[in-house]
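Enquirer:
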Amino acid sequence: MSELYERIVLERVKRPRHAGRPAQFDARGQGANRLCGDKVSIYVTRAGMQLHHESEGCAIMVASADLMVDATTGKTAADIHALAQAFAEVVTTGTENPALGELNALAGVFEFPSRIGCATLPWRALEEALQNV
Amino acid sequence: MSELYERIVLERVKRPRHAGRPAQFDARGQGANRLCGDKVSIYVTRAGMQLHHESEGCAIMVASADLMVDATTGKTAADIHALAQAFAEVVTTGTENPALGELNALAGVFEFPSRIGCATLPWRALEEALQNV
Amino acid sequence: MSTTLQTFDTAALREDFPILKEKVHGKDLVFLDSAASAQKPRVVIDAMVHVMEAQYANVHRGLHYMSEKTSDAYEAVRDKVAAFINAGSRDEIVFTRNATESINLVAYTWGRSALKPGDVVAVTEMEHHANLVPWQMLRDAHGTELRIIKITDAGEIDWNSLEEVFADGRVKLLAVTQMSNVLGTYTPVERLAKFAHAHGAKILIDGCQAVVHRQIDVRAMDADFFVFSGHKLYGPTGIGALYAKAEILADMPPFLGGGDMIASVSYAKSSWAKPPHRFEAGTPAIIETIGLGAAIDYVSAIGLPAIAAHEQALTEHALAVLPNIEGLRILGTAQDRGGVISFVMKDAHAHDIATLLDRQGIAVRAGHHCAEPLMGRLGVTSTARASFALYTTLEEIDALAKGLERVRKIFA
Amino acid sequence: MSTTLQTFDTAALREDFPILKEKVHGKDLVFLDSAASAQKPRVVIDAMVHVMEAQYANVHRGLHYMSEKTSDAYEAVRDKVAAFINAGSRDEIVFTRNATESINLVAYTWGRSALKPGDVVAVTEMEHHANLVPWQMLRDAHGTELRIIKITDAGEIDWNSLEEVFADGRVKLLAVTQMSNVLGTYTPVERLAKFAHAHGAKILIDGCQAVVHRQIDVRAMDADFFVFSGHKLYGPTGIGALYAKAEILADMPPFLGGGDMIASVSYAKSSWAKPPHRFEAGTPAIIETIGLGAAIDYVSAIGLPAIAAHEQALTEHALAVLPNIEGLRILGTAQDRGGVISFVMKDAHAHDIATLLDRQGIAVRAGHHCAEPLMGRLGVTSTARASFALYTTLEEIDALAKGLERVRKIFA
Ligand SMILES: Cc1ncc(COP(=O)(O)O)c(C=O)c1O
Ligand SMILES: Cc1ncc(COP(=O)(O)O)c(C=O)c1O
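Chains as they are written, first to last, in this note's numbering: chain D, 201 to 333; chain Z, 201 to 333; chain W, -7 to 404; chain H, -7 to 404.
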């Protein structure tokens, strides 16, 4: 039915690899989607060498958060900012970006304009967290 | 162009027979049309044996006031009330009422729904005046 | 399909709605989001086109033909609305943009003049934000108190809570929905009005949802205020109505200032027109009002009782079919309920449900439905919602069930 | 006819307006009442029909195709309006019902939060009630002062009076029309904005009339607030706009409470969405907003400079021809004036003029034009008013002149 859901997302939703709130963390960033009640917190530990997300929301958001952690752990703030922009481009246009690897699984979101905010929400929370480091 | 105007009204507008404010009067009634600024005062003297109108407004209103004075001088309040209703009927339906004599000159007002209020304004002022007697 | 709908030719009625022929993602459109806003029949579209093509000018202030004709058509709708909800007089009908503005109008004018600081406005746990936020704003600006009447787990008004809220005699307004836009619950408005009046309070009834599905009689229910929106009633956007009893309107100060609402204006002092014009400042939504008139004619011709019966059958069918889907839970089990059904599904977030159904051409709404506090009460953050209209078919409900089965499989 | 209009094919443009083919009392319609509300071109009608026939659902809250497409179309108009008046950002555009609501919104929210009792709002003698009554209501509710800036006999702002009104430094808002709906006068808004700002006041510009006839640039004029209505701009009724500078909107509390204007709602406290949504509660005028977008596209394609030139020629012709009618007096002789012409005639009341012209198919307005205090200033109780639009022809002005000759003869 919907490639987007079939391709990847559900795997990450059912068994997220980086979910949960660590006992200790250096910084936190939060995001909320006022329209649907989606909520996400991103935790940064050991200066970005470890990231976690605590996600309450739809599959697109949860999968996006989990994939994002894979893609950004250990990266510099500048790199992450560039990635966030590249990712936003992918989900807005539907054009995959070879440099983004697994994140391209969410490219199909572009077909659902009102869901793009779900995909980018964790990224906004991460950028906020990085400002708090 | 417009029968209504040609038939009678202008004669009364240019040379009203009962216009002006008497030095002494028993009662006064006032009417105002908020949409156009028409204003009329009706003065009752000697228990209705003499009426005057002071009119500031459009031709239909002024003519109606002048004709009304002719038709109502010396009549009882009950008669005047009945006349007012019959007159309202004429200007709303366009159907002349033989009992109303010259007042029928205003029958054509029915073609101009937004002007009906102009024709009936003096009558409302007269009814107010009678309540003040 | 065992249920059949007699005396109601849905197929024929669907022909009246051009949009129902549209395809979405290559699929037939199954529009189950009418509680958010209903589709428009041809006669409404035609009425609006007719105004613009053949009979348009600004109203009230014109002495020429186009203005007179347009004014007549505009004011005739006031009579239609009055008759439609059985108001005592056309002058009790104020035109607004929507139900939201209607309620805010009451809060700003009646609320700030008839209510004193310390007076209480009571609402229920299942109000739409439109019937909550204005009273919060009044509380914060004017010092009134806001109390919340609880609902039961079934989604009905908790009468004990109602009595508690009214116990100290300070409640001056009960503002309550006639039909929940989340749970489909009808509230017993006649009984609530009696209760409120017996306790010295007025009652405002949010008829936004109910007016679409049931015959309304504001005098029988003894409503002090009744509000609704045109766009849910198969009419255009941009037009709604406020009904209020004549003696209440008479004492209400104006809301917006400007043209058409005045009796006379001078710099020192202006005086106000009589109701309803006192509350209609500026050029009104002329074209939309005339469209609303056509919508009222349309539903009246079909008949609210027939529409209600049709939708009752749809609702019963949905309530029979949907719970068969594994992991699906319908929220609210009120005795008296209509064709607005909220549900959640195990593991599938409401937004994902809506998106996946959309790919199959099925439009449902997902989110908090402008009732955030109610979501908290229900222990969810959002729900998916299917809602029915006079053009909804049993087949569409089956399509929904089938679609939900596919969603379930994806998330299984 | 010596005047000719080049580069502007009025005959072709008139084909765009279906209503212009109508007959009134058996005569060709000569519609000279566009300042009250303009007629609608085919493209506006079609845009509205298209929404209702093929692409309709409630906006913002939907995750399905119809809702997404409709939301996109609705929000795209915000960009169009922003570009049309050269706002700095789309978020500076708030949709309202009409200019009247826009001004009231400012009075209720900015007025009651940014202004303190004793602060002064200044308006001119030629304001429409929409730009006077809200400030009177604010005065009476909130304790601000209202001052009136005089106009000269020509119908222009009296600069001495302006300086006097501002002398004590207490004026915090200058609320002024950009074009008088009675006299046709354009006010020097750039200069007024500079003056207001130099005196520590903000400026609200009522662009209701001007926006139809001239290219607007809110940044060039440095407006703090700018308001207009869609229905005068060849768009539908039920839709208007408020422009306000982003930093002003950011601090303004909400106006109406309800759906779509909140960030989050709980019983204790709700928080508000960012502008512009903070000021748009409830289901907006979706169909009408999209219609307004089509109207803006339409006038933009013709071009405001071309429209202005056309109307300038019409105005000059009218100002040349009408005074030839014995006993006719045009009110206002401003240097900078547009196609709105008020006049009175010896012995003939304005209402009689309008009625008699109507019998000839000619629609003009008569009355106080929602500017009662201005009537007092001009020493009249009412005027007749002819106003021009992009579809007005020189021949229609000649028809008016001829019609007025006949009126004159009747009253001679
Ligand atoms: C100068 C001016 N301001 C304000 C208004 C009010 O516009 P609306 O009735 O569309 O709110 C008008 C139109 O009547 C106007 O001409
Ligand atoms: C119960 C209820 N009340 C109020 C509203 C607000 O209606 P509108 O957005 O048309 O003002 C709605 C619709 O969203 C509703 O369902």
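Virtual Cβ for every residue (Gly too), placed ideally from N, Cα, C.
Source: prediction; values computed, not measured.
(1) Is W/Lys72 buried or exposed, if buried means 16 or more other CB atoms sit within 10 Å of its CB?
(2) So what's H/Thr384 in DSSP terms, helix, strand or just coil?
(3) Measure the C-alpha to C-alpha separation of H/Arg6 and H/Gly54 and round it to an integer number of angstroms.
(4) Given the structure, does H/Ala326 come close to ligand 1, in the sense that its CB is under 7 Å from one of the ligand's heavy atoms?
(5) So, is the C-beta of W/Gln31 closer than 8 Å to a C-beta in chain H?
(6) Have a look at H/Val181, H/Glu397, H/Gly192 and flag the residue whose alpha-carbon is nearest the alpha-carbon of H/Asp160.
(7) What in chain H is Cβ-close to Z/Phe312, meaning under 7 Å?
(8) Note down, in chain order, every chain D residue with its Cβ under 9 Å from the Cβ of W/Ala376.
(9) Who are the Cβ neighbours of D/Met249 in its own chain at under 8 Å, not counting the five residues just before and after it?
(10) Can you name, in chain order, every residue of its own chain whose Cβ lies under 8 Å from the Cβ of W/Met413, other than the five neighbours on each side?
(11) Leaving out five residues on either side along the sequence, give the residues of the same chain with a beta carbon under 6 Å from the beta carbon of W/Met244.
(12) Considering only heavy atoms of ligand 3 and the C-beta of each residue, which residues fall inside 5 Å, strictly closer?
(13) Within this structure, are the beta carbons of H/Gly249 and H/Val219 separated by less than 8 Å?
(14) Is W/Ala65 helix, strand or coil when you go by DSSP?
(15) Quick check: the segment 296 to 312 of chain H against the segment 81 to 89 of chain H, are there 3 or more CB pairs under 8 Å?
(16) Taking Cβ to Cβ, would you say Z/Ser264 is nearer than 8 Å to Z/Ala325?
(17) Which class does H/His309 belong to by DSSP, given the choice of helix, strand or coil?
(18) Using a Cβ-Cβ cut-off of less than 7 Å, give me the residues of the segment 369 to 402 of chain W that come near chain D, in sequence order.
(19) Below 8 Å, how does it come out for the segment 323 to 330 of chain W and the segment 133 to 152 of chain W: are there three or more Cβ pairs, yes or no?
(20) Name the residues in the segment 251 to 275 of chain D whose C-beta lies less than 9 Å from a C-beta of chain W; which are they?
(21) So, helix, strand or coil for Z/Lys239, using DSSP?
(22) Kindly indicate if chain D contains any beta-carbon less than 8 Å away from that of H/Ser258.
(23) Just to confirm the assignment, what range does the beta strand (DSSP E) spanning H/Leu366 have?
(24) Buried or exposed: where does H/Arg183 fall if 16 or more other Cβ atoms within 10 Å of its Cβ makes it buried?
(25) Between H/Val163 and H/Ala79, which are expected to be in contact by the criterion C-beta below 8 Å, what is the C-beta distance as a whole number of angstroms?
(26) Contact defined as beta carbons within less than 8 Å: I believe W/Asp214 pairs with W/Lys194. What is the distance between those atoms, to the nearest angstrom?
(27) On a Cα-Cα basis, can you pick out the residue from Z/Ile280, Z/Cys236, Z/Leu251, Z/Glu302 that is closest to H/Thr373?
(28) Between the alpha carbons of D/Met261 and D/Gly294, how many angstroms are there, rounded?
(29) Which residues does DSSP pair with H/Phe218 in a beta bridge?
(30) If the cut is a Cβ gap below 9 Å, which residues of chain H does Z/Gly231 touch?
(31) Just checking: is the beta-carbon of H/Ala242 within a distance shorter than 8 Å of some beta-carbon in chain D?
(32) Would you check if the segment 112 to 122 of chain W and the segment 353 to 368 of chain W touch, i.e. whether three or more CB-CB distances between them fall below 8 Å?
(33) From what residue to what residue does the alpha helix (DSSP H) around W/Leu248 run?
(34) Does the distance between the C-beta of W/His223 and the nearest non-hydrogen atom of ligand 2 fall short of 7 Å?
(35) Near D/Pro222, which residues of its chain fall below 8 Å by C-beta distance, leaving aside the five closest residues on each side in sequence?
(36) Which residues of the segment 268 to 287 of chain H have a Cβ closer than 8 Å to any Cβ of chain W? Give them in chain order.
Expert: In short:
(1) Within the third sequence, residue 72 of chain W is the residue found at index 80, counting from 1. It is buried - the Cβ of W/Lys72 has at least 16 other Cβ atoms within 10 Å.
(2) Position 392 of the fourth sequence holds residue 384 of chain H. Coil at H/Thr384, not helix or strand.
(3) As a first step, residue 6 of chain H must be located in the fourth sequence, where it is residue number 14. As a first step, residue 54 of chain H must be located in the fourth sequence, where it is residue number 62. If you take the alpha carbons of H/Arg6 and H/Gly54, they lie about 39 Å apart.
(4) The residue labelled residue 326 of chain H in the question sits at position 334 within the fourth sequence. The answer is no for H/Ala326.
(5) In the third sequence, the residue the question calls residue 31 of chain W occupies position 39. Chain H, which has a Cβ nearer than 8 Å to the Cβ of W/Gln31, makes this yes.
(6) Here residue 160 of chain H corresponds to residue number 168 of the fourth sequence, with the count starting at 1. Minimum Cα distance to H/Asp160 is reached at H/Gly192.
(7) Taking the first residue of the second sequence as position 1, residue 312 of chain Z is located at position 112. Within chain H, the residues near Z/Phe312 are Thr347.
(8) Here residue 376 of chain W corresponds to residue number 384 of the third sequence, with the count starting at 1. Going along chain D, no residue has its Cβ under 9 Å from W/Ala376, so there is no contact; the nearest lies around 11 Å.
(9) As a working note, residue 249 of chain D is residue 49 in the first sequence. Short of 8 Å from the beta carbon of D/Met249, and not among the five residues preceding or following it, lie these beta carbons of its own chain, in chain order: Thr273, Gly274.
(10) The structure shown has nothing for residue 413 of chain W, since chain W only spans -7 to 404.
(11) Position 252 of the third sequence, counted from the first residue, corresponds to residue 244 of chain W. Once the five neighbours on either side are set aside, the close Cβ partners of W/Met244 are Thr101, Trp102.
(12) Annotation note on ligand 3: not contained in the displayed structure, which lists ligand 1 and ligand 2 as its ligands.
(13) One-based indexing of the fourth sequence puts residue 249 of chain H at position 257. One-based indexing of the fourth sequence puts residue 219 of chain H at position 227. Against a cut-off of 8 Å, the Cβ pair of H/Val219 and H/Gly249 comes out as no contact.
(14) Indexing the third sequence from 1 puts residue 65 of chain W at position 73. In this structure, W/Ala65 counts as helix in the three-state DSSP scheme.
(15) At 8 Å Cβ cutoff, the stretches do not touch.
(16) Along the second sequence, read from residue 1 onward, the residue named residue 264 of chain Z stands at position 64. Along the second sequence, read from residue 1 onward, the residue named residue 325 of chain Z stands at position 125. No, the Cβ-Cβ distance between Z/Ser264 and Z/Ala325 is not below 8 Å.
(17) Counting from 1 along the fourth sequence, the entry for residue 309 of chain H is found at position 317. H/His309: helix per DSSP, three-state reduction.
(18) Only those residues of the segment 369 to 402 of chain W whose C-beta falls short of 7 Å from the nearest C-beta of chain D are listed: Thr373, Ser374, Arg398, Ile402.
(19) The segment 323 to 330 of chain W vs the segment 133 to 152 of chain W: in contact.
(20) Listed by position, the residues of the segment 251 to 275 of chain D near chain W (Cβ gap below 9 Å) are Glu256, Gly257, Cys258, Ala259, Ile260, Met261, Val262.
(21) If you number the second sequence from 1, residue 239 of chain Z lands on position 39. The three-state secondary structure of Z/Lys239, taken from DSSP, is strand.
(22) Within the fourth sequence, numbered from 1, the residue matching residue 258 of chain H stands at position 266. So, not an interface residue.
(23) By 1-based counting over the fourth sequence, the position of residue 366 of chain H is 374. Looking at the DSSP string, H/Leu366 is not in any beta strand (DSSP E); the run it does join, the alpha helix (DSSP H), is 364 to 370.
(24) Residue numbering aside, residue 183 of chain H sits at position 191 when the fourth sequence is read from its first letter. Under this definition H/Arg183 is an exposed residue.
(25) Position 171 of the fourth sequence, counted from the first residue, corresponds to residue 163 of chain H. Position 87 of the fourth sequence, counted from the first residue, corresponds to residue 79 of chain H. At roughly 25 Å, the Cβ-Cβ gap does not stay under 8 Å, so H/Val163 and H/Ala79 are not in contact.
(26) Sequence index remark: in the third sequence, residue 214 of chain W carries index 222 (1-based). Sequence index remark: in the third sequence, residue 194 of chain W carries index 202 (1-based). Not really, about 10 Å apart at Cβ, beyond 8 Å.
(27) Taking the first residue of the fourth sequence as position 1, residue 373 of chain H is located at position 381. Comparing Cα-Cα distances from H/Thr373 to each of Z/Ile280, Z/Cys236, Z/Leu251, Z/Glu302, the minimum goes to Z/Cys236.
(28) For the purposes of this step, residue 261 of chain D is taken as residue 61 along the first sequence, with counting starting at 1. For the purposes of this step, residue 294 of chain D is taken as residue 94 along the first sequence, with counting starting at 1. Take the alpha-carbon of D/Met261 and the one of D/Gly294: they are about 17 Å apart.
(29) Counted from its first residue, the fourth sequence places residue 218 of chain H at position 226. Beta-bridge pairing links H/Phe218 to H/Ile197, H/Tyr235.
(30) Taking the first residue of the second sequence as position 1, residue 231 of chain Z is located at position 31. Ordered by position in chain H, no residue passes the 9 Å Cβ test against Z/Gly231, which lies about 14 Å from the chain.
(31) Reading the fourth sequence from its first residue, position 250 is the one you call residue 242 of chain H. Among the CB atoms of chain D, none fall inside 8 Å of the CB of H/Ala242.
(32) Yes, since at least three Cβ pairs between the segment 353 to 368 of chain W and the segment 112 to 122 of chain W fall closer than 8 Å, the two stretches touch.
(33) To locate residue 248 of chain W, count along the third sequence from 1; it is residue 256. According to the DSSP assignment, W/Leu248 belongs to no alpha helix (DSSP H), since it is labelled neither H nor E.
(34) Taking the third sequence and counting its residues from 1, the one referred to as residue 223 of chain W is at position 231. At least one heavy atom of ligand 2 lies closer than 7 Å to the C-beta of W/His223.
(35) For the purposes of this step, residue 222 of chain D is taken as residue 22 along the first sequence, with counting starting at 1. Same-chain partners within the cutoff: Tyr243, Thr245, Gln250, His252.
(36) If the cut-off is 8 Å between Cβ atoms, the segment 268 to 287 of chain H has Ala273, Gly274, Thr275, Pro276, Ala277, Ile278, Ile279, Glu280 near chain W.
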